[in-house]
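Below is one structure, written out as structure tokens; comments come after it.
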Amino acid sequence: MGQTIRQIAAALGVRAEGDLDLMVLRAAEPAQAGPDDLALAMDQKYAGGLAQGKARAAVLWEDADWQGLGLQAAIFVGRPRLAMSGITRSFDAGPELAPGVHPLAVVDSSAHIGAGAAIGPFVVIGRDVRIGTRARIASHASIAEGAVIGEDALIHAGVRICHHVTIGDRLIAQPGAIIGSDGFSFVTPEKSGVEVVRSTLGERDEIRAQSWIRIHSVGGVEIGDDVEIGANATIDRGTIRATRIGRGTKLDNLVHVGHNVQVGQDCLLCGQVGIAGSSRIGDRVVLGGQCGVSDNIIVGNDVIAGGASKIFTNVPAGRVILGSPAVRMETQIEINKALRRLPRLMQTVAELRKIVTGSVQKDGADQEGT
Amino acid sequence: MGQTIRQIAAALGVRAEGDLDLMVLRAAEPAQAGPDDLALAMDQKYAGGLAQGKARAAVLWEDADWQGLGLQAAIFVGRPRLAMSGITRSFDAGPELAPGVHPLAVVDSSAHIGAGAAIGPFVVIGRDVRIGTRARIASHASIAEGAVIGEDALIHAGVRICHHVTIGDRLIAQPGAIIGSDGFSFVTPEKSGVEVVRSTLGERDEIRAQSWIRIHSVGGVEIGDDVEIGANATIDRGTIRATRIGRGTKLDNLVHVGHNVQVGQDCLLCGQVGIAGSSRIGDRVVLGGQCGVSDNIIVGNDVIAGGASKIFTNVPAGRVILGSPAVRMETQIEINKALRRLPRLMQTVAELRKIVTGSVQKDGADQEGT
Amino acid sequence: MGQTIRQIAAALGVRAEGDLDLMVLRAAEPAQAGPDDLALAMDQKYAGGLAQGKARAAVLWEDADWQGLGLQAAIFVGRPRLAMSGITRSFDAGPELAPGVHPLAVVDSSAHIGAGAAIGPFVVIGRDVRIGTRARIASHASIAEGAVIGEDALIHAGVRICHHVTIGDRLIAQPGAIIGSDGFSFVTPEKSGVEVVRSTLGERDEIRAQSWIRIHSVGGVEIGDDVEIGANATIDRGTIRATRIGRGTKLDNLVHVGHNVQVGQDCLLCGQVGIAGSSRIGDRVVLGGQCGVSDNIIVGNDVIAGGASKIFTNVPAGRVILGSPAVRMETQIEINKALRRLPRLMQTVAELRKIVTGSVQKDGADQEGT
């Protein structure tokens with residue numbers, strides 16, 4: 009794992025100074041760095057940390073005085089987070105997976121596994137599965153009949169890729185991710201309470217006792233290139249057409265994508281986001297942690313939703329939203345400010361009314377339980 | 009998988025016309041349908057799609073002119089979603105599981121597996137487990153000692169059914185579902201901050217440093233017939249009595265059901281719903297995606313909660329609720345409307361006060377951080 | 009599993025009366041208890057249940073008249089929930105795991121497993137793993153290279169402990185828990201929409217189409233003693249430094265802890281809580297079910313957050329909070345009351361304005377969609 013400063017700077021395509029042959033073994037925070045570490049100090053505020061630590065080499069902000077900081081070598085970067093990508097990649101050995109197929113894996117004879125694959129113990133690969141070259145599949149993963157996966161896949165332990173799912177190149181699936189479970193789709197013989205309430209916004213004349221009948225999911229899941237799926241995330245297959253995740257989109261842990269959902273390209277769905285059935289998410293959409301999207305909703309391109317936003321209505325392209333129900337972020341920030349003053353506002357209005365009408369009226373009779 | 013129009017119409021119990029011996033291989037959306045597909049066009053709005061596609065047969069709305077639509081055969085249905093159930097079922101081959109017990113499954117000799125079962129590779133079945141006839145158990149599932157499962161179970165890959173869980177007939181467990189994990193139940197030696205705050209609604213005189221002591225879960229989980237559990241959903245066992253899920257209830261992906269919870273019959277718990285310990289949910293309750301139910305709450309029969317509703321207090325039977333905290337849906341819709349106008353309302357009140365009292369007072373001093 | 013009343017009282021360190029040699033086989037609720045059960049009736053309100061049931065022995069409140077209740081023996085406790093801990097522990101046999109290493113486990117020859125361990129079928133243990141004495145590791149778990157786990161670990165089925173994770177003594181990991189998945193950390197070549205919006209609170213001049221570049225996670229996860237991780241919970245590894253969970257902290261099912269997060273000691277993170285990257289949670293913090301913590305937030309010691317609270321800003325030590333965005337619990341309760349009266353308030357203000365200004369103005373023009 010050792011690398012020289014020269015190698016790292018070259019990989020990042022940036023400038024380095026000092027002893028370019030100095031070898032470093034890992035990246036570290038400035039204050040914790042030892043003499044064999046590369047300290048990551050891409051902002052002036054880390055200068056103090058560098059002084060505490062023992063690093064001989066560091067990644068620094070662009071006009072830093074590396075000699076004044078007591079270093080023997082330094083790499084200079086402009087956009088720190090971007091540099092982090094290259095630096096962490098160069099130090100990431102990835103999970104250890106011996107090349108070849110483990111003797112305790114069960115691989116169907118009709119499956120086609122590309123050259124250079126590493127398949128761990130207790131992996132199951134079904135009939136007619138096709139997996140591209142250099143796939144790394146960790147222990148306990150299962151890939152069911154007819155699934156197709158592109159090149160350079162990294163499939164961590166316990167991932168489930170269900171039957172006939174198709175996935176592009178460079179998939180990363182974190183442990184426990186499930187791709188292609190059945191959709192959650194049920195119907196009652198007669199109109200259900202949910203159908204009634206959706207049309208009346210809450211009114212119900214009559215309540216019927218009915219059981220749910222299953223709508224099966226005979227569609228698949230289609231995933232583009234360069235997609236990452238988080239730990240224990242779940243993606244349901246479509247009813248008739250496929251559920252789709254576009255190229256370059258990343259899903260965090262415990263994200264739920266319902267049946268028939270279409271997610272565009274280059275989206276980020278952060279931790280615990282849930283998207284209900286048949287909704288369509290555009291390209292480059294960012295949904296913060298714990299956001300929810302109701303079913304059959306359209307979220308336009310480039311929408312950004314703050315954490316825990318709940319989206320019940322269509323969102324035009326480019327909008328930045330927040331809250332539950334989600335509204336424009338600026339509006340929500342104003343609402344939040346106003347909310348904190350709301351109890352006081354009620355007092356003020358009561359006082360005004362007293363002055364204006366000359367009488368006090370009780371204003372609590374309409375309190376409402378759940 | 010090929011079926012004739014006659015067979016499908018008979019299975020649905022509905023009327024068909026045209027060439028009833030026409031064979032179709034799969035269901036498809038009208039515009040994407042090929043000549044061997046059955047186009048699903050149960051509403052007039054799909055007529056255009058039919059014209060684009062190449063289907064020779066379709067499922068149509070009841071008074072459709074099938075010949076005018078250029079079809080050779082047609083099936084007519086009244087309630088489209090209900091028809092979807094029968095149609096998708098007839099085309100769902102289900103997961104491929106070879107009959108018999110895979111040589112790399114570990115089945116305890118005391119376990120009783122019903123006739124016709126299919127048990128996949130790397131399955132573990134413990135002591136005294138009883139599983140009904142025709143069970144299909146996919147790879148990597150584990151069923152621990154003393155668990156009892158009825159007939160026709162479909163248990164997908166990686167499902168965990170923990171010790172002494174009992175389940176009725178026709179269970180469907182999606183991949184990664186966990187039934188019978190330990191409850192989350194802890195106690196401090198002296199009153200905890202949570203106990204204090206619950207009684208005072210926020211006030212605390214004194215803060216003690218205490219560690220949490222575990223309350224073990226020696227109750228089980230009891231699940232009725234016709235229950236489906238979603239991918240990576242979790243159901244905790246009870247402390248003393250069993251956690252219960254009633255007949256016909258369906259849980260979506262990533263749903264969490266806490267210890268001692270009682271869920272009635274024919275409920276739908278949508279994606280990422282969470283129910284805290286010891287709450288009781290009635291029959292035919294529908295909780296939309298990401299709903300939460302606090303602990304020790306009673307939710308009555310036939311309650312419907314919109315997505316992301318958070319239920320902190322008991323809910324009477326039949327009520328339709330929304331919001332956080334959840335209130336009647338109509339009330340919440342009014343509140344939501346009012347909220348968007350709240351910043352403007354504050355201005356209006358400030359202006360009124362100015363007019364009425366003849367003086368301007370500052371109204372920002374009571375702003376509150378978190 | 010049988011125990012005498014004397015044994016149980018001694019284990020609890022409390023007083024018992026009557027036939028102390030009476031043997032009980034399990035704990036039960038009073039009304040359901042049979043003659044071999046120990047009824048748990050720690051409050052006067054259970055007296056009626058005792059009369060319905062058939063228990064000969066019970067755990068009672070401190071000044072209960074056990075003979076008047078028709079019992080042959082009784083144990084008396086002061087703090088019922090605390091007693092529950094000892095009683096349930098004494099009746100919890102735990103999962104059945106045969107001692108030794110199952111022949112179908114794959115244990116790397118360099119791994120060190122402490123004495124008395126039980127390792128189930130289809131377990132995978134990687135290179136240089138170290139596990140303390142008396143570990144119990146259920147089927148299908150995987151522990152990757154370099155991981156270190158202390159004594160008396162109980163690791164349930166299908167748990168994933170990723171490479172180089174370090175964990176203290178007495179770990180309990182419920183089924184499907186994942187410790188050490190990669191962090192969700194991505195960067196765009198130029199400033200992303202999220203970065204712009206964070207600085208402007210919603211304004212964007214220009215929208216760029218960019219793809220996400222991965223920041224790898226080369227940090228680990230460090231977990232203290234006496235930690236419990238819930239079913240299907242996920243803990244991401246750090247980017248450079250480790251993600252940390254302090255001694256005595258308990259995580260419930262489906263909790264998500266992002267990369268670089270630091271959680272203190274003796275915290276409770278209830279079901280489906282999510283903590284975004286790089287946030288710091290103090291000691292003895294309690295986050296109710298479905299709470300969310302935004303990234304880079306500091307939550308002080310002894311903070312208690314009610315269910316579904318969403319924390320967007322730092323929280324001072326000792327504060328009790330509620331709501332989304334979370335504010336002091338008292339404030340939120342007032343806000344909630346006011347919200348229910350908000351539609352009426354708007355009417356009142358409209359009426360006042362009419363009186364004061366002598367004219368009616370329309371106040372709906374500023375309604376805002378999402």
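Residue numbers (this note's numbering), protein chains in the order written: chain A, 9 to 378; chain B, 9 to 378; chain C, 9 to 378.
From the three backbone atoms N, C-alpha and C, an ideal C-beta is built for every residue, glycine too.
* Do you know offhand how far B:Cys170's Cα is from C:Ser219's? -> Mapped onto the second sequence, residue 170 of chain B falls at position 162. Mapped onto the third sequence, residue 219 of chain C falls at position 211. Spanning the two alpha carbons is a distance of roughly 43 Å.
* According to DSSP, residues forming a beta bridge with B:Asp244 -> Walking along the second sequence from the start, residue 244 of chain B turns up at place 236. Answer by DSSP bridge pairing, in chain order: B:Ser189.
* Is C:Gly56 helix, strand or coil when you go by DSSP? -> As a working mapping, residue 56 of chain C is identified with position 48 in the third sequence. Here C:Gly56 sits in helix by DSSP.
* Asked: Quick one: Cα of C:Ala59 to Cα of C:Asp45, how far?
  -> For the purposes of this step, residue 59 of chain C is taken as the residue at position 51 of the third sequence. For the purposes of this step, residue 45 of chain C is taken as the residue at position 37 of the third sequence. C-alpha separation (whole angstroms): 14 Å.
* Note down the Cα distance separating A:Ile13 from A:Ala63, rounded to an integer number of angstroms. => Indexing the first sequence from 1 puts residue 13 of chain A at position 5. Indexing the first sequence from 1 puts residue 63 of chain A at position 55. In a straight line, the C-alpha of A:Ile13 is about 13 Å away from that of A:Ala63.
* Spatial distance of C:Phe194 from A:Ile237 (CA atoms) -> The residue given as residue 194 of chain C occupies position 186 in the third sequence. The residue given as residue 237 of chain A occupies position 229 in the first sequence. The alpha-carbon atoms of C:Phe194 and A:Ile237 are separated by roughly 13 Å.
* Nearest-angstrom Cα distance between C:Ala101 and B:Asp100? -> Counting from 1 along the third sequence, the entry for residue 101 of chain C is found at position 93. Counting from 1 along the second sequence, the entry for residue 100 of chain B is found at position 92. Roughly 42 Å between the two C-alpha positions.
* Short CB-CB distance (under 8 Å) between B:Arg135 and chain C -> Within the second sequence, residue 135 of chain B is the residue found at index 127, counting from 1. Yes, contact with chain C.
* Rounded to whole angstroms, what's the CA-CA distance from A:Ile223 to B:Ile343? Just pull it up for me. => To locate residue 223 of chain A, count along the first sequence from 1; it is residue 215. To locate residue 343 of chain B, count along the second sequence from 1; it is residue 335. Those two C-alpha atoms are separated by around 36 Å.
* To do: Check whether the Cβ of A:Val2 lies closer than 8 Å to any Cβ atom in chain C.
  => No answer is possible for residue 2 of chain A: the residues shown for chain A start at 9 and end at 378.
* **Residues that DSSP places opposite B:Ile329 in a beta bridge** => Reading the second sequence from its first residue, position 321 is the one you call residue 329 of chain B. For B:Ile329, which the question treats as bridged, DSSP gives the partners B:Ala313 and B:Arg336.
* To do: Compare the C-beta of A:Glu153 against all C-beta atoms of chain B and say whether one is closer than 8 Å.
  => The residue labelled residue 153 of chain A in the question sits at position 145 within the first sequence. Interface residue, yes.
* Asked: Given a threshold of 16 other Cβ atoms within 10 Å of its Cβ, counted over all protein chains shown, does B:Ser317 qualify as buried or as exposed?
  -> Translated into the one-based positions of the second sequence, residue 317 of chain B becomes position 309. That one is buried.
* chain A residues whose Cβ lies nearer than 9 Å to that of B:Val271 -> Taking the first residue of the second sequence as position 1, residue 271 of chain B is located at position 263. Simply none; closest approach about 14 Å.
* To do: On the DSSP bridge assignment, give the partners of B:Leu259 in chain order.
  => The count along the second sequence starts at 1 and reaches residue 259 of chain B at position 251. B:Leu259 is bridged to B:Leu277.
* Asked: Of all Cβ atoms in chain B, is any one closer than 8 Å to the Cβ of A:Arg288?
  -> In the first sequence, the residue the question calls residue 288 of chain A occupies position 280. Not closer than 8 Å to any Cβ of chain B, the Cβ of A:Arg288 fails to qualify, so no.
* **Any chain C beta carbon closer than 8 Å to A:Val85** => As a position in the first sequence, residue 85 of chain A is number 77, starting the count at 1. At a cut-off of 8 Å between beta carbons, A:Val85 makes no contact with chain C.
* To do: With DSSP as the reference, please indicate the residues paired to B:Ile169 in a beta bridge.
  => Position 161 of the second sequence, counted from the first residue, corresponds to residue 169 of chain B. Note: B:Ile169 sits in a beta bridge opposite B:Ile151 and B:Ile187.
* To do: May I ask you to list, following chain order, the residues of the region 185-213 of chain A that have a beta carbon less than 7 Å from some beta carbon of chain B?
  => Under the 7 Å Cβ criterion, the region 185-213 of chain A contributes Ile186, Ser189, Asp190, Phe192, Phe194, Val195, Pro197, Gly201, Val202, Val205, Leu209, Gly210 and Arg212.
* To do: Quick one: residues in its chain with C-beta nearer than 6 Å to the C-beta of A:Pro88, no 5 flanking neighbours on either side, listed in chain order?
  => What you label residue 88 of chain A is simply residue 80 of the first sequence in a count that begins at 1. Hits under 6 Å: Met50.
* **Beta-bridge pairing of A:Glu104 - partner residues as DSSP gives them** => Taking the first sequence and counting its residues from 1, the one referred to as residue 104 of chain A is at position 96. None; A:Glu104 has no bridge partner.
* **Terminal residues of the alpha helix (DSSP H) in which C:Asn229 lies** => Here residue 229 of chain C is taken as the residue at index 221 of the third sequence, counted from 1. Reading off the sequence, residue 229 of chain C comes out as Val, not Asn. Run containing C:Val229: none in the alpha helix (DSSP H); it sits in the beta strand (DSSP E), Val229 to Ile231.
* When DSSP labels each residue in this structure, what does C:Ala358 get in the three-state scheme? -> As a first step, residue 358 of chain C is located in the third sequence; it is residue number 350 there, counting from the start. Helix, per DSSP.
* **C-alpha distance - C:Ile16 paired with C:Arg255, whole-angstrom precision** => By 1-based counting over the third sequence, the position of residue 16 of chain C is 8. By 1-based counting over the third sequence, the position of residue 255 of chain C is 247. Rounded to whole angstroms, C:Ile16 to C:Arg255 spans 28 Å at the Cα level.
* Asked: Can a CB atom of chain B be found closer than 8 Å to the CB of A:Lys362?
  -> To locate residue 362 of chain A, count along the first sequence from 1; it is residue 354. A:Lys362 does not count as touching chain B.
* Given C:Arg212 as reference, the closest of A:Gly56, A:Ala24 and A:Glu338 once Cα atoms are compared -> Locating residue 212 of chain C in the third sequence gives position 204, counting from the first residue. Nearest option by C-alpha distance: A:Glu338.
* Going by DSSP, what residues sit across from B:Trp74 in a beta bridge? -> Reading the second sequence from its first residue, position 66 is the one you call residue 74 of chain B. Beta-bridge pairing links B:Trp74 to no other residue.
* Where does the unbroken beta strand (DSSP E) through A:Leu30 begin, and where does it stop? -> Counted from its first residue, the first sequence places residue 30 of chain A at position 22. Neither: A:Leu30 is in no beta strand (DSSP E) and is coded neither H nor E.
* To do: Would you tell me roughly how many angstroms separate the C-alpha atoms of A:Phe192 and C:Asp27, rounded to the nearest one?
  => Position 184 of the first sequence holds residue 192 of chain A. Position 19 of the third sequence holds residue 27 of chain C. In a straight line, the C-alpha of A:Phe192 is about 55 Å away from that of C:Asp27.
* To do: Name, in chain order, the residues that DSSP records as bridge partners for A:Ile121.
  => Here the question's residue 121 of chain A lines up with position 113 in the first sequence. In the DSSP assignment, A:Ile121 forms a beta bridge with A:Ile139.
* Closer than 8 Å, CB to CB, is A:Arg222 near chain B or not? -> For the purposes of this step, residue 222 of chain A is taken as residue 214 along the first sequence, with counting starting at 1. Taking Cβ atoms only, chain B reaches closer than 8 Å to A:Arg222, which makes this a yes.
* Verify whether the separation of the beta carbon atoms of C:Leu20 and C:Ile83 is less than 8 Å. => Position 12 of the third sequence, counting from 1, holds the residue named residue 20 of chain C. Position 75 of the third sequence, counting from 1, holds the residue named residue 83 of chain C. Cβ atoms of C:Leu20 and C:Ile83: closer than 8 Å.
* **CB-CB length for A:Gln182 against C:Ser189, believed under 8 Å** => Counting from one through the first sequence, the residue named residue 182 of chain A turns up at place 174. Counting from one through the third sequence, the residue named residue 189 of chain C turns up at place 181. Between A:Gln182 and C:Ser189, the beta carbon gap of about 4 Å places them in contact (Cβ cut-off 8 Å).
* Asked: Where B:Ala41 and B:Leu33 are concerned, what is the direct C-alpha to C-alpha distance, given to the nearest angstrom?
  -> In the second sequence, counting from the first residue as 1, residue 41 of chain B sits at position 33. In the second sequence, counting from the first residue as 1, residue 33 of chain B sits at position 25. Here the alpha carbons of B:Leu33 and B:Ala41 stand approximately 11 Å from one another.
* Asked: DSSP puts B:Val195 in a beta bridge; with which residues?
  -> For the purposes of this step, residue 195 of chain B is taken as residue 187 along the second sequence, with counting starting at 1. Answer is B:Ile221.
* **Buried/exposed call for A:Glu230, threshold 16 Cβ in 10 Å** => Translated into the one-based positions of the first sequence, residue 230 of chain A becomes position 222. Under this definition A:Glu230 is a buried residue.
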